[in-house]
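*Asks:*
Number of protein chains: 4
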Amino acid sequence: MIEEISIDFFGKDSDDFSCEIMIEGLPGVGQVGKLAAEHIMEELGAEKIAEIRSIFFPPQVLIDETGVAHLPKNEIYRYCDGERSIMFLIGDFQSGSAEGHYILADTYLDIAEKMGVKRIYTLGGYGVGHLIQDIRVLAAVNDEKLKDEVTGAGAVFAQDEPGGGIIGASGLLLGLGAKRGIEGICLMGETSGYIVDPKSSNSLLEVLSKMIGIDVDSTKLQERAVEMEVFLERLKSLDQSKTEEELSYIG
Amino acid sequence: MIEEISIDFFGKDSDDFSCEIMIEGLPGVGQVGKLAAEHIMEELGAEKIAEIRSIFFPPQVLIDETGVAHLPKNEIYRYCDGERSIMFLIGDFQSGSAEGHYILADTYLDIAEKMGVKRIYTLGGYGVGHLIQDIRVLAAVNDEKLKDEVTGAGAVFAQDEPGGGIIGASGLLLGLGAKRGIEGICLMGETSGYIVDPKSSNSLLEVLSKMIGIDVDSTKLQERAVEMEVFLERLKSLDQSKTEEELSYIG
Amino acid sequence: MIEEISIDFFGKDSDDFSCEIMIEGLPGVGQVGKLAAEHIMEELGAEKIAEIRSIFFPPQVLIDETGVAHLPKNEIYRYCDGERSIMFLIGDFQSGSAEGHYILADTYLDIAEKMGVKRIYTLGGYGVGHLIQDIRVLAAVNDEKLKDEVTGAGAVFAQDEPGGGIIGASGLLLGLGAKRGIEGICLMGETSGYIVDPKSSNSLLEVLSKMIGIDVDSTKLQERAVEMEVFLERLKSLDQSKTEEELSYIG
Amino acid sequence: MIEEISIDFFGKDSDDFSCEIMIEGLPGVGQVGKLAAEHIMEELGAEKIAEIRSIFFPPQVLIDETGVAHLPKNEIYRYCDGERSIMFLIGDFQSGSAEGHYILADTYLDIAEKMGVKRIYTLGGYGVGHLIQDIRVLAAVNDEKLKDEVTGAGAVFAQDEPGGGIIGASGLLLGLGAKRGIEGICLMGETSGYIVDPKSSNSLLEVLSKMIGIDVDSTKLQERAVEMEVFLERLKSLDQSKTEEELSYIG
Chain A
2 MIEEISIDFF
12 GKDSDDFSCE
22 IMIEGLPGVG
32 QVGKLAAEHI
42 MEELGAEKIA
52 EIRSIFFPPQ
62 VLIDETGVAH
72 LPKNEIYRYC
82 DGERSIMFLI
92 GDFQSGSAEG
102 HYILADTYLD
112 IAEKMGVKRI
122 YTLGGYGVGH
132 LIQDIRVLAA
142 VNDEKLKDEV
152 TGAGAVFAQD
162 EPGGGIIGAS
172 GLLLGLGAKR
182 GIEGICLMGE
192 TSGYIVDPKS
202 SNSLLEVLSK
212 MIGIDVDSTK
222 LQERAVEMEV
232 FLERLKSLDQ
242 SKTEEELSYI
252 G
Chain B
2 MIEEISIDFF
12 GKDSDDFSCE
22 IMIEGLPGVG
32 QVGKLAAEHI
42 MEELGAEKIA
52 EIRSIFFPPQ
62 VLIDETGVAH
72 LPKNEIYRYC
82 DGERSIMFLI
92 GDFQSGSAEG
102 HYILADTYLD
112 IAEKMGVKRI
122 YTLGGYGVGH
132 LIQDIRVLAA
142 VNDEKLKDEV
152 TGAGAVFAQD
162 EPGGGIIGAS
172 GLLLGLGAKR
182 GIEGICLMGE
192 TSGYIVDPKS
202 SNSLLEVLSK
212 MIGIDVDSTK
222 LQERAVEMEV
232 FLERLKSLDQ
242 SKTEEELSYI
252 G
Chain C
2 MIEEISIDFF
12 GKDSDDFSCE
22 IMIEGLPGVG
32 QVGKLAAEHI
42 MEELGAEKIA
52 EIRSIFFPPQ
62 VLIDETGVAH
72 LPKNEIYRYC
82 DGERSIMFLI
92 GDFQSGSAEG
102 HYILADTYLD
112 IAEKMGVKRI
122 YTLGGYGVGH
132 LIQDIRVLAA
142 VNDEKLKDEV
152 TGAGAVFAQD
162 EPGGGIIGAS
172 GLLLGLGAKR
182 GIEGICLMGE
192 TSGYIVDPKS
202 SNSLLEVLSK
212 MIGIDVDSTK
222 LQERAVEMEV
232 FLERLKSLDQ
242 SKTEEELSYI
252 G
Chain D
2 MIEEISIDFF
12 GKDSDDFSCE
22 IMIEGLPGVG
32 QVGKLAAEHI
42 MEELGAEKIA
52 EIRSIFFPPQ
62 VLIDETGVAH
72 LPKNEIYRYC
82 DGERSIMFLI
92 GDFQSGSAEG
102 HYILADTYLD
112 IAEKMGVKRI
122 YTLGGYGVGH
132 LIQDIRVLAA
142 VNDEKLKDEV
152 TGAGAVFAQD
162 EPGGGIIGAS
172 GLLLGLGAKR
182 GIEGICLMGE
192 TSGYIVDPKS
202 SNSLLEVLSK
212 MIGIDVDSTK
222 LQERAVEMEV
232 FLERLKSLDQ
242 SKTEEELSYI
252 G
């Protein structure tokens, strides 16, 4: 019988790796967290150490640029520079069912705990429903003692935001992580929610860089943000009557 | 593997507590039951004895006013004054799936039975689809012998109401409780269904107070009801064209 | 842990009863099968021998006319006159999930097989989308050798009807029953699908009576059919502009 | 308890058969894959060796032309001419749930692996949203080394098509098959998505015939394609105002 979740460490085991910090950037609103996490990971040259597949992901394959089909997967990358060791959780999808969300998040924490992770940063977007210029980075923590550090890095705690809570892995890793004594910080870049938003990811990156003490080059993320701005301007000039709503999910 | 339901008695066990009566006030129509249960609990100064988490709750965290994220939970509080001992079941959510509803209600009854609960009051709202002045408290029981006591306290049994039955924990605790020999009484305050309705909760409180023989101060609930009335009046005067339908779910 | 399905034979067991024939009349289109099965059951004075509850039924209770709440249930009644022994499967709901449908139908067949059932009649309605005068009784069987007997009793096999197959217990009891060597005959009374349709049930009754060799008095069913006709006429005269679509699900 | 999936080899076992190639043609867009697989199977006179039933299929029965009801099933046929041995996977439905898709695909691979299958062809349609004349056959593989062979047979690898990946058995057999070292090639005939499309199936057939080295007579498939063209022309002439959208799912 197929396993609900299968984890492949390529012949090794989670015990063979140690990481102090985990950064989660799975798909979500505006792909803000995903873009930020993948950018840091690539700039640091993190190395893939594991792949995770699950029957809670959509029942399909994705086709890569060479025409090869792959099961949906989440991946774990690891960066270690002697001073710091970071694991990254990125991937194609989150769970398609409520129970699957809980079971997957619990599995991610099993892996993190075995690697010795002491703190988790979960990255996401906070959809505000309109295009914005000044992007705040909202935060939530799973332990009040973490707040000063978070505000010191430029993120804000906004009363009643996000009102509906934090859905999916970004939320559950904080909630379930607290039970295991793992510190959890969720950073959410404000975004319209209509477009893939590298600009918001860049704001997220600024806060996160300060917190993890690594100066990540943001050039590529800024270039993508500029491309998106140009694209949006062109769209507006082509058809002034297009409303923001019609720009949904462009990217 | 994560448990479907996890119950935390903070180092103790359900056996360490005894309660004769259980009062359930989980979220539902107009939050009528939730407001009433939480009001009594607070007025009596009941003490939290357990927290319940479940993969049947939505896959998210809720952010409290300090910016700290928490997994959705249901909670058990207990009040004991020598004469009476009451457990309260309140919380953030009900199950998101049909099977989860049954499994959770069964678990609540396991706890209640271990504590020696002889009678369960489940509190809810009965949505009538229009604003109402004279609020009836409708009732259902899981044993016909309970009816006189219920009508004596001012609740009514209305033929064919609620027509669709009672959905969720308020219903299942009666149905599944009967199998265990636990008396069950469901009290439902009439409400429009459009707003959070502390006025309906107050009507519920009047009936329940008589039944459990505790005179609960209703001042705070009445104040909230007045605030809501003022709020509704202001809404009406601002825009006379707003229909009741447009006021849905304000609160 | 609560059972997925719980069966209560009131202190007895399925082995304590024998039945040659099973008649299923669970809720469905126009309640045609349910009305017919319940009518026969009542006319014959069948006796309740078991109740079935399940977490696959909706998570709620139903309120009876005395104000007492009951879990949704399916029931088994039994009639025996020396010559014939019949079990009836009737109830409040069918499963709310696809898997639940299969698991419940399999359980019904476990019971039937233990009782020695050799043949199952499943009763239902076939929605045609418009009010009709001449009601055909469509049939399907799980063994071709049964067809002559069915057509001899007045039912018809119509090419490509019902096109979408037979959904729920009425279908699965035939399909899963065949695997166990139990003969299965599904009888479907044509009905608009807009109203509870005792007239269609009556047509079903005529065919079924011939097949089981019991002359069931149909007076009450015919009276209900007349009441419904009068009700429909009154509706039409009140508002000639009402379309049939607007009469959906009256009853 | 009913099994999630039951497989019936009619007294034999999967070990009793060997096949080098598997061709999957389950229902999907335009029934393109299903028509093609069933056509080849019939032309070659393949023989049915197994039936698969599952609680993940819809909870219903289908009625055949003789009025006999059957549980939904998938079927395995086998063709062997001394040189080549092929198993065909065809059937009524795919899974109704995401998890069921994974569990069924895993089961199909268990069977294929036991039979010694080295390569799987999955057949499907690729809906483009408008009627088309020149039908391309798009391809995806689960190993890059297979690409030359596929393009040599006339299929194309189109960057970013299908953009959303390949959903259901056609995709999962490739993704899960790769883990087992089974080669997987998905061929998708372009189709409007509005109609059952034997013309697209015929294009698929041309590519597949070359790949498996069997010259399959396509006369019947071409006749069906002509019938569909005539039917579409008649529809257009009857009502010029009918849009393509209104022709959805004709067939």
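Residue numbers (our numbering), protein chains in the order written: chain A, 2 to 252; chain B, 2 to 252; chain C, 2 to 252; chain D, 2 to 252.
Every residue gets a Cβ at the ideal spot worked out from N, C-alpha and C, and that includes glycine.
This structure is a prediction, so every number in the text was calculated from the model and none was measured.
1) Would you tell me roughly how many angstroms separate the C-alpha atoms of Phe-57/D and Leu-90/C, rounded to the nearest one?
2) Does the distance from the C-beta atom of Glu-184/A to that of Lys-237/A stay below 8 Å?
3) Considering only C-alpha positions, which residue in the set Ser-98/B, Ile-6/B, Asp-16/B is nearest to Arg-54/B?
4) Of the choices Glu-21/D, Gly-34/D, Asp-65/D, Phe-11/D, whose alpha-carbon is the least far from that of Glu-52/D?
5) Hey, how far is the Cα of Cys-20/A from the Cα of Gly-97/B?
6) Kindly identify the DSSP beta-bridge partner or partners of Val-62/C.
7) Within the chosen definition, does the region 111-126 of chain B reach the region 15-34 of chain B through at least 3 CB pairs nearer than 8 Å?
8) State the Cα-Cα distance for the pair Ser-201/B and Pro-28/B, rounded to the nearest angstrom.
9) DSSP beta-bridge partners for Val-151/D?
10) Could you check where the beta strand (DSSP E) with Val-142/B kicks off and where it finishes?
11) Let me know if Val-231/C comes out buried or exposed under the rule of 16 or more other beta-carbons within 10 Å of its beta-carbon.
12) Could you check where the alpha helix (DSSP H) with Ile-41/D kicks off and where it finishes?
13) Would you tell me roughly how many angstroms separate the C-alpha atoms of Leu-139/C and Val-33/C, rounded to the nearest one?
14) Which of the three DSSP states is assigned to Thr-123/A in this structure?
15) At which residues does the alpha helix (DSSP H) containing Glu-145/D begin and terminate?
16) Looking at chain C, which residues of the region 8-36 of chain D have a Cβ within less than 7 Å of any of its Cβ atoms?
17) Would you decide whether Arg-181/A is buried or exposed? Buried here means 16 or more other CB atoms lie within 10 Å of its CB.
18) With 16 as the cutoff for other CB atoms within 10 Å, does Lys-74/B come out buried or exposed?
19) For Pro-60/D, decide whether its Cβ has a neighbour in chain C, counting only Cβ atoms nearer than 8 Å.
20) Checking contacts by CB at 8 Å: is Thr-67/C closer than that to chain B?
21) Would you report the Cα separation of Leu-239/B and Ser-193/B, rounded to the nearest angstrom?
22) Would you list the one or two residues that DSSP bridges to Cys-187/A?
23) How far does the alpha helix (DSSP H) with Lys-9/A in it extend, from its first residue to its last?
24) Measure from the alpha carbon of Glu-114/A to the alpha carbon of each residue in Ala-226/A, Ile-3/A, Asp-16/A, then state which is nearest.
25) Measuring alpha carbon to alpha carbon, tell me which residue in Leu-175/D, Ile-186/D, Tyr-109/D, Asp-198/D is nearest Leu-72/A.
26) Compare the C-alpha of Arg-225/C against each of Ile-196/C, Val-208/C, Ile-87/C, Leu-209/C and name the closest.
27) For a test of the three-state rule: what should DSSP assign to Ser-86/D, helix, strand or coil?
28) Between His-102/C and chain B, is any beta-carbon pair separated by less than 8 Å?
29) Looking only at its chain, what residues have a beta carbon closer than 8 Å to the beta carbon of Gly-155/D, apart from the 5 residues adjacent to it on each side?
30) According to DSSP, what are the bridge partners of Tyr-80/C?
31) Could you check what DSSP says for Leu-248/B in three-state terms: helix, strand or coil?
32) Could you tell me how far apart the beta carbons of Val-62/C and Ile-167/B are, in whole angstroms, since I believe they sit closer than 8 Å?
33) Could you pull out every residue in the same chain whose Cβ sits closer than 8 Å to the Cβ of Ile-50/A, ignoring the five residues on either side in sequence?
34) Report yes if the CB atom of Ile-186/C is closer than 8 Å to the CB atom of Val-151/C, and no otherwise.
35) Using a Cβ-Cβ cut-off of 8 Å, state whether Ile-196/B counts as contacting chain A.
36) My output table needs one value for Arg-235/D: the three-state DSSP class, helix, strand or coil.
*Replies:* According to the data block:
1) Position 56 of the fourth sequence, counted from the start, is the residue given in the question as residue 57/D. Position 89 of the third sequence, counted from the start, is the residue given in the question as residue 90/C. Distance between the alpha carbons of Phe-57/D and Leu-90/C: 25 Å.
2) Here the question's residue 184/A lines up with position 183 in the first sequence. Here the question's residue 237/A lines up with position 236 in the first sequence. No, the pair does not count as a contact, with Cβ atoms beyond the cut-off.
3) The residue you call residue 54/B lines up with position 53 of the second sequence. Nearest C-alpha to Arg-54/B among Ser-98/B, Ile-6/B, Asp-16/B: Ile-6/B.
4) Here residue 52/D refers to the residue found at position 51 when the fourth sequence is read from its first residue. Taking only the C-alpha atoms, the option nearest Glu-52/D is Phe-11/D.
5) Counted from its first residue, the first sequence places residue 20/A at position 19. Counted from its first residue, the second sequence places residue 97/B at position 96. For the pair Cys-20/A and Gly-97/B, the Cα-to-Cα distance works out to about 35 Å.
6) For the purposes of this step, residue 62/C is taken as residue 61 along the third sequence, with counting starting at 1. Its beta-bridge partners are Ile-167/B.
7) The answer is yes - the region 15-34 of chain B touches the region 111-126 of chain B, with three or more Cβ pairs under 8 Å.
8) In the second sequence, residue 201/B corresponds to position 200, counting from 1. In the second sequence, residue 28/B corresponds to position 27, counting from 1. Approximately 14 Å between the Cα atoms of the pair.
9) Walking along the fourth sequence from the start, residue 151/D turns up at place 150. Looking at the DSSP assignment, Val-151/D forms no beta bridge with any residue, so it has no partner.
10) Here residue 142/B corresponds to residue number 141 of the second sequence, with the count starting at 1. Looking at the DSSP string, the run of the beta strand (DSSP E) that includes Val-142/B is 138-142.
11) Translated into the one-based positions of the third sequence, residue 231/C becomes position 230. By the 10 Å Cβ count, Val-231/C comes out exposed.
12) Counting from one through the fourth sequence, the residue named residue 41/D turns up at place 40. Unbroken alpha helix (DSSP H) run through Ile-41/D: 33-45.
13) Taking the first residue of the third sequence as 1, we reach residue 139/C at position 138. Taking the first residue of the third sequence as 1, we reach residue 33/C at position 32. For Leu-139/C and Val-33/C, the gap between their C-alpha atoms comes out near 12 Å.
14) The residue given as residue 123/A occupies position 122 in the first sequence. Thr-123/A sits in a strand when the DSSP states are folded into three classes.
15) Position 144 of the fourth sequence, counted from the start, is the residue given in the question as residue 145/D. Per DSSP, Glu-145/D belongs to no alpha helix (DSSP H) and is neither H nor E.
16) Listed by position along the chain: nothing, the set is empty.
17) On the first sequence, position 180 is the one that residue 181/A refers to. Arg-181/A is exposed by the Cβ-count criterion.
18) Locating residue 74/B in the second sequence gives position 73, counting from the first residue. Buried is the call here.
19) Mapped onto the fourth sequence, residue 60/D falls at position 59. Judged by the 8 Å Cβ criterion, Pro-60/D is in contact with chain C.
20) Here residue 67/C refers to the residue found at position 66 when the third sequence is read from its first residue. Yes - at least one Cβ of chain B is within 8 Å of the one on Thr-67/C.
21) Taking the first residue of the second sequence as position 1, residue 239/B is located at position 238. Taking the first residue of the second sequence as position 1, residue 193/B is located at position 192. When rounded, the separation of the alpha-carbon atoms in Leu-239/B and Ser-193/B is 21 Å.
22) Counting from one through the first sequence, the residue named residue 187/A turns up at place 186. Thr-123/A, Ala-141/A.
23) Along the first sequence, one-based indexing puts residue 9/A at 8. The sequence given here has Asp at residue 9/A, not Lys. That residue, Asp-9/A, is in no alpha helix (DSSP H); its beta strand (DSSP E) goes 6-9.
24) By 1-based counting over the first sequence, the position of residue 114/A is 113. When the alpha-carbon of Glu-114/A is set against those of Ala-226/A, Ile-3/A, Asp-16/A, the nearest one is in Asp-16/A.
25) By one-based count along the first sequence, residue 72/A stands at place 71. Among Leu-175/D, Ile-186/D, Tyr-109/D, Asp-198/D, the Cα nearest to that of Leu-72/A belongs to Leu-175/D.
26) Taking the first residue of the third sequence as 1, we reach residue 225/C at position 224. With distances taken between CA atoms, Arg-225/C lies nearest to Ile-196/C out of Ile-196/C, Val-208/C, Ile-87/C, Leu-209/C.
27) By 1-based counting over the fourth sequence, the position of residue 86/D is 85. Judged by DSSP in its simplified three-state form, Ser-86/D adopts strand.
28) Residue mapping note: residue 102/C aligns to position 101 of the third sequence, counting from 1. No, no contact with chain B.
29) The residue labelled residue 155/D in the question sits at position 154 within the fourth sequence. Closer than 8 Å at Cβ, skipping near neighbours: Val-138, Glu-207, Val-208, Lys-211.
30) Stepping through the third sequence from its first residue, residue 80/C is reached at position 79. Answer is Ile-87/C, bridged to Tyr-80/C.
31) Taking the first residue of the second sequence as position 1, residue 248/B is located at position 247. At Leu-248/B the pLDDT is 46, less than 50, meaning the model places this residue with poor confidence and gives no usable figure here.
32) What you label residue 62/C is simply residue 61 of the third sequence in a count that begins at 1. What you label residue 167/B is simply residue 166 of the second sequence in a count that begins at 1. Confirmed, Cβ separation roughly 5 Å.
33) Taking the first sequence and counting its residues from 1, one reaches residue 50/A at position 49. Cβ within range, chain order: Phe-10, Phe-11, Lys-13, Phe-18, Ile-77, Tyr-78, Arg-79, Met-88.
34) Sequence index remark: in the third sequence, residue 186/C carries index 185 (1-based). Sequence index remark: in the third sequence, residue 151/C carries index 150 (1-based). Taking 8 Å as the cut-off, the Cβ atoms of Ile-186/C and Val-151/C count as close.
35) As a position in the second sequence, residue 196/B is number 195, starting the count at 1. Judged by the 8 Å Cβ criterion, Ile-196/B is not in contact with chain A.
36) Position 234 of the fourth sequence holds residue 235/D. Note: Arg-235/D maps to helix in three-state DSSP.
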